[in-house]
Amino acid sequence: MDRYPADRVDYHDDGLNYLDDVPFTGVAFTEKDGALKSEATYREGLRWGPTKEWYPSGQPMADSTFARGELHGRAREWHRNGQLAEDGEYEYGIALWAKQWDENGVLEDDYVLTESDSDHQALLHFRALYGGAA
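Next up, the structure:
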C-alpha cells in the first residue's frame, strides 16, 4: 500500500480525505525528527484499517482499527508512563465494552453495552446493513 506524508492528505467537507483531489487510499504518516509519530490507513477516503500513534520516546500512544471511517475492532491508548489508559472493542463506532485507567493503573470506568443502551439499536442496524462485517 502506498505511503504519503499526512500533510498531503486533505479532509474535505464531504467527510472524505483526498490526495490530489482523489479520495485517498493508502497510509498517511507523520514523522518528527526522523521518527514515526503516527500512521493511519485509508480506503476510498475513509479511515479503514490500523491507526497508530507513538510518543516521542517511541512508546505506543494509541493503536486502533477503523472501518468505514469509524472505530471497528480493538482500540487502546497508553499514558506517557506506559500504563494502559483505555482499552475497548468497537463495532461501527459503537463501544461494545471499554475500560479506562488512571496513570497508576487504577480502574476509573468499566463500560459494557447492554440491550437497553440507546446505541444497541444502532449497532443492530449497522450489523444488518453491513452483514456484521467491515
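Per the working numbering, residue 505 is the first one in the sequence shown, and the count goes up by one each step. Cβ coordinates follow ideal geometry from the N, Cα and C atoms, glycine included.
Leaving out five residues before and five after residue i in sequence, what residues of the same chain have Cβ atoms less than 6 Å from its Cβ?
i           : result
residue 520 : 527 and 549
residue 633 : none
residue 577 : 569
residue 613 : 604
Judging by CA-CA distance, which residue of the options is the nearest neighbour of residue i?
i           : options               : result
residue 514 : 609, 607, 525 and 633 : 525
residue 619 : 600, 605, 561 and 574 : 600
Any C-beta of chain D sitting closer than 8 Å to the C-beta of residue i?
i           : result
residue 622 : Within the model displayed, chain D is absent; a lone protein chain is all it includes.
Quick one, are the C-beta atoms of residue i and residue j less than 8 Å apart?
i           : j           : result
residue 581 : residue 602 : no
residue 559 : residue 532 : no
residue 628 : residue 598 : no
residue 530 : residue 506 : yes
By DSSP's criteria, residue i is part of a beta bridge. Which residues make up the other side?
i           : result
residue 508 : 532
Name the two residues that bound the continuous beta strand (DSSP E) containing residue i.
i           : result
residue 563 : It is not in any beta strand (DSSP E) - residue 563 carries neither H nor E in the DSSP assignment.
Using a threshold of 7 Å, is the CB atom of residue i nearer than that to any non-hydrogen atom of the ligand NAD?
i           : result
residue 603 : No copy of the ligand NAD occurs in the structure displayed, which carries no ligand at all.
Once you ignore the five residues that flank residue i on each side, which residues in its own chain have a CB closer than 8 Å to its CB?
i           : result
residue 572 : 550, 552, 596, 634 and 638
Can you name, in chain order, every residue of its own chain whose Cβ lies under 7 Å from the Cβ of residue i, other than the five neighbours on each side?
i           : result
residue 583 : 589 and 607
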